[in-house]
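So the sequence shown is residues 132 to 386, counted in my numbering. Even glycine gets a Cβ: it sits at the ideal position worked out from N, Cα and C. Right, one structure below, let's go through it.
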Amino acid sequence: MMPNYDAWTRLPVFYLPVTLGEVLVGYLWGSQNGNSAGFFASAETGGNRIKTIVYWNDRLEETYRMGLTPVEAIGYWIGKPADPQFGGIAGDAEQGEARTIQELALRADPGRPLGEGPWIQDGTFPSGSPEERSEGFGAIAPVPTPTYPDETTSAVIYLPVSLKGVIVGYVWASTNDDAAGYIPRAAVGQAGVVAGGLWRSRLIDARMAGLSALDAARRCRSLPANAPGTFGLIDPIPEQQASTLSDLRRLADQS
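Here it is, written out as structure tokens:
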């Protein structure tokens, strides 16, 4: 079995609906702060249930090997072409939030309640006490993400990402080398981190398509909006420039 995210969590999760036309196929979910992600099939999947679960678990294996966090992993599939049998996540899909995966499983299929799962989840016991790990049982290291280097000594251009009128982060690219990335704005907390799931995935797509870092960042502003109420939009203003990446990070931390 390929390495993947943890299948269980006691932490709150974000989720996105997987649909095929007008039919709800299920929910792809990711832990907000842990290392867990998964897929719950809806009651409408019928005889395709097992194949659908396998298909979406395989998609999560892909994003795990790319090094994406659970929140980034579910956002990666927004707007990608839907599979004709197992569906996809629409470009205008809105992200939801559930307090527990048990709550989300019942939303997907009320006839299939989810149990409590293993005793140890998220590295802790049910009481919240941390698990004692023996030597040699560290986390599996994913393959490096196929995206641009995230450090540069050159000047950078940057594009503010706004969510409901508030800047939540910045897509940036180096002017002199092939580095690019996304920096969340500290003042908005988790909203900036969540928004980055989409913008990082767009940079990954651009790298895989062979675009330069500058072209990749500029391309982000021309792509159709995907769930703007969750991931924001790039402001329709001229691109900005910072003398160094450190200067942009200070802007994101202090503004």
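- Nearest in C-alpha terms to Ser162, of all of Leu345, Ala326, Ile232, is Ile232.
- The criterion of a C-beta distance shorter than 8 Å is satisfied by Ile205 and Trp160.
- Judged by DSSP secondary structure, Gly323 falls within the alpha helix (DSSP H) whose first and last residues are 321 to 339.
- Burial check for Trp250: the Cβ neighbour count within 10 Å stays below 16, so the residue is exposed.
- In the DSSP assignment, the residues bridged to Ser167 are Asp137.
- For Ala168, the CB contacts under 6 Å within the same chain, skipping 5 residues up- and downstream, are Tyr136, Gly161, Leu191, Pro201, Ala204 in chain order.
- Gln372: not part of any alpha helix (DSSP H); member of the beta strand (DSSP E) spanning 371 to 373, first to last residue.
- Leaving aside the five residues that flank Ala239 on each side, the residues in its chain whose CB is nearer than 7 Å to its CB run, in chain order, Gly157, Tyr158, Phe171, Ala172, Ser173.
- It is roughly 47 Å from the alpha-carbon of Leu382 to the alpha-carbon of Pro241.
- Within a 10 Å sphere around the beta-carbon of Asn307 sit fewer than 16 other beta-carbons, which makes this residue exposed.
- Residue pairing of Val287 in beta bridges, as defined by DSSP: Ser305, Ala373.
- Taking C-beta atoms as the reference points, Ala326 and Arg338 fail to come closer than 8 Å.
- In this structure, DSSP gives Phe145 an extended state, which the three-state scheme calls strand.
- DSSP places Tyr158 within a strand segment (E or B) once states are collapsed to three.
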